[in-house]
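These notes are about the structure you will find just below.
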Amino acid sequence: TILIVDFGSQVTQLIARRVREAGVYSEIVPFSAAEEAFRRMQPKGIIFSGGPASVTEHESPRAPQALFDSGLPLLAICYGQQTMHQQLGGQVVTSDQKEFGRAFIEIVSPSALFDGLWQVGETHQVWMSHGDRVDSLAPGFEVVAKSEGAPFAIATNEAAKRYSLMFHPEVVHTPDGGKLLANFARHICGCSGDWTMAAFRDTKIAEIRDQIGKGRVICGLSGGVDSAVAAVLIHEAIGEQLTCVFVDHGLMRANEAEQVVSLFRNSYNIPLVHVDASADFLGGLEGVTDPEKKRKFIGAEFINVFEAEAQKIGGADFLAQGTLYPDVIESVSFTGGPSVTIKSHHNVGGLPERMNMALVEPLRELFKDEVRELGRELGLPEAFVSRHPFPGPGLAIRIPGEVTKERCDILRKADSIYLEEIRNAGLYDAIWQAFAVLLPVRTVGVMGDARTYDSVCGLRAVTSVDGMTADVYPFDPAFLSRVATRIVNEVQGINRVVYDFTSKPPGTIEWE
Ligand code: XMP
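Numbering-wise (full-length UniProt numbering), the sequence shown opens with residue 6 and increments by one.
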């Protein structure tokens, strides 16, 4: 195990991810809880994260002395590097020369950290982000790599197995960063590298049992991958203490509701309350055209339905959610414990307070692709696990203007033709998200010998890593023509198809 001490960097979780990729288990703990965690975990090595504070300020975070006293291998990044040198007798100063972004470091001396990876004399790209800098190194340290702006880009005490980096090895802009972290965890700390998603599953199951005890958990299924994986994992941990509620708002894609219900009831034997609330949702959406009003209504109605169902089954002590790491911004307050802010798209936001429930969020540390891997580990069918993301408000935000059952039905048909063609062309997995939208615009066409006057369908397909930024998927024009022809021929109510060529930013992925 590697202990990652968090000083509040926005990218600390990426350190854990890179260490996981090296097959080594790691835990992130706030600096203020590091000493207790260290005694409990008995790690083989320690990593200090970066952070937003300045070592030169009086109140800024420090690492517990016990970590240094342990004599364990230590890798210190950015802020962690500064506090390590300061605490071990070096000196840090505020610098006017702030350095952010791509930089190139030159290797000047060998080190166990990049043994077999980088040679003396070579130059390598890294990602810098710092304002302060170490002015004099702690005793025993020597420079092994430098750059123009960073004379101590990497400084190490090889005998003590302590390594300090001014740059961030955990981000993708440091191309060899993952290998550096793997080298540290496996070769320097001696971790075996055989940790897997199966082990993560076991650890999480134990944690969930610990947290829940004899309590009852309720989980809202959205039809998406995240809530399904969370539910199956929690069911493995506590079985019948979990009840899942699937609120069908009538804004799902074709066959989606049936798939979810059958997956849970038949494949997993997980008790599932299936609520068909489509009449309430569609009724409430009557006459609503403003995108934000749609979203707010759907969110609020979802809570109403969910709460009513929860009460019918006698309530619960915990609410399970499939929150992922990108939904979570975790910061560390300088004076003590972690202060957590959650930015969440989730449909059930607001419920825990209203119903007085605690949250269970077993996927908080994972990224989307890792959730998919965990889903496979739990035996979820590949077709389910690899599904594109689908927004909580469903088709309502893909039908600009008023949403009616009729328009949902038209959109469902067009959408399933589009996705069928994408699957047939073998492109589904290369695309982050693809879907059709139905526009409130009618145009003139001619079919057979008759004039048509029908709606326009827009097609969207993007590539993305996390949904935060996205590129348009460059389909072959012949493919788009085939889809357009099929949609116009097979879907009554659509007589024209257009393709959306807008990246994000400036567009968003969804149209509303
Ligand atoms: P945008 O449209 O903001 O979408 O570029 C980014 C990603 O988030 C999804 N999305 C949502 N997911 N509830 C969700 O669960 C929502 O209200 C919601 N709105 C957007 C969107 O599908 C894309 O993957």
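C-beta: ideal position from N, C-alpha, C; glycine also.
- Around the beta carbon of THR513, fewer than 16 other beta carbons sit within 10 angstroms, so the residue counts as exposed.
- Residue range 84 to 92 is occupied by the alpha helix (DSSP H) that includes GLN87.
- THR61 and GLY55 have their C-alpha atoms some 15 Å from each other.
- Remark: the shortest separation between the CB of ALA475 and any heavy atom of the ligand XMP falls under 8 Å.
- In the structure shown, LYS509 falls within a strand segment according to DSSP collapsed to helix, strand and coil.
- DSSP places ASP253 inside the beta strand (DSSP E), whose first and last residues are 247 to 253.
- Counting C-beta atoms within 10 angstroms of its own C-beta, ALA235 has 16 or more neighbours from the protein chains shown and is therefore classed as buried.
- An exposed status is given to GLU407, since fewer than 16 other beta-carbon atoms sit within 10 Å of its beta-carbon.
- Annotation: the continuous alpha helix (DSSP H) that includes VAL390 extends over 387 to 390.
- Membership of ALA38 in any beta strand (DSSP E) is not indicated, and neither H nor E is assigned to it by DSSP.
- The straight-line gap separating the alpha-carbon atoms of SER37 and PRO69 is approximately 8 Å.
- When C-beta atoms of the stretch 72 to 86 are compared with those of the stretch 188 to 196, three or more pairs fall below 8 Å, so the two segments count as touching.
- Here VAL131 really is in contact with PHE172; their C-beta atoms are around 4 Å apart, less than 8 Å.
- Here LYS410 has LEU287 as same chain residues with Cβ atoms under 6 Å from its own Cβ, once five neighbours each way along the sequence are excluded.
- The beta-carbon separation of GLY28 and ASP199, rounded to 6 Å, stays under the 8 Å limit for a contact.
- Apart from the 5 residues on each side of it in sequence, PHE302 sits with its Cβ closer than 6 Å to the Cβ of GLY289 in its chain, given in chain order.
- For the stretch 229 to 310, the continuous beta strand (DSSP E) assignments of 3+ residues that do not extend past its boundaries occur at 247 to 253 and 277 to 281, in sequence order.
- Under the criterion of beta carbons closer than 8 Å, VAL24 and ALA190 qualify as touching, at roughly 5 Å.
- A distance of 9 Å or more separates the beta carbons of ARG206 and GLU426.
- Relative to the ligand XMP, GLY463 has its C-beta separated by 8 Å or more from all heavy atoms.
- Going by C-alpha positions, VAL265 is about 8 Å away from LEU226.
- Closest in alpha carbon position to ALA325, among ASP414, ALA305 and LEU368, is LEU368.
- Scanning ASP285, GLU41, ALA435 and ASP459 for the CA closest to the CA of THR448 turns up ASP459.
- A direct Cα-to-Cα measurement between ALA117 and GLU163 gives close to 7 Å.
- Between the stretch 209 to 228 and the stretch 310 to 322 there are three or more C-beta pairs closer than 8 Å, enough to call the two in contact.
- By the neighbour-count definition (other C-beta atoms within 10 Å, threshold 16), MET362 is a buried residue.
- Per DSSP, the unbroken beta strand (DSSP E) holding SER134 starts and ends at 128 to 135.
- If you draw a straight line from the Cα of TYR273 to the Cα of ALA211, it is about 20 Å long.
- The stretch 128 to 179 is shown to contain whole beta strand (DSSP E) runs of 3 or more residues at 128 to 135, 138 to 141, 147 to 151, 159 to 162 and 167 to 170, in chain order.
- Among the bridge pairs identified by DSSP, GLY95 is matched with none.
- Here MET473 is exposed. Its C-beta has fewer than 16 other C-beta atoms within 10 Å.
- Contact check for SER65 and ALA58: beta-carbon distance about 4 Å, within the 8 Å limit, so the pair qualifies.
- For GLN18, DSSP records no beta bridge to any residue.
- Your pair ALA155 and LEU142 does not check out as a contact, with CB atoms roughly 13 Å apart and the cut at 8 Å.
- Looking from the CA of TYR30, the closest CA among PRO48, THR490 and ALA39 belongs to PRO48.
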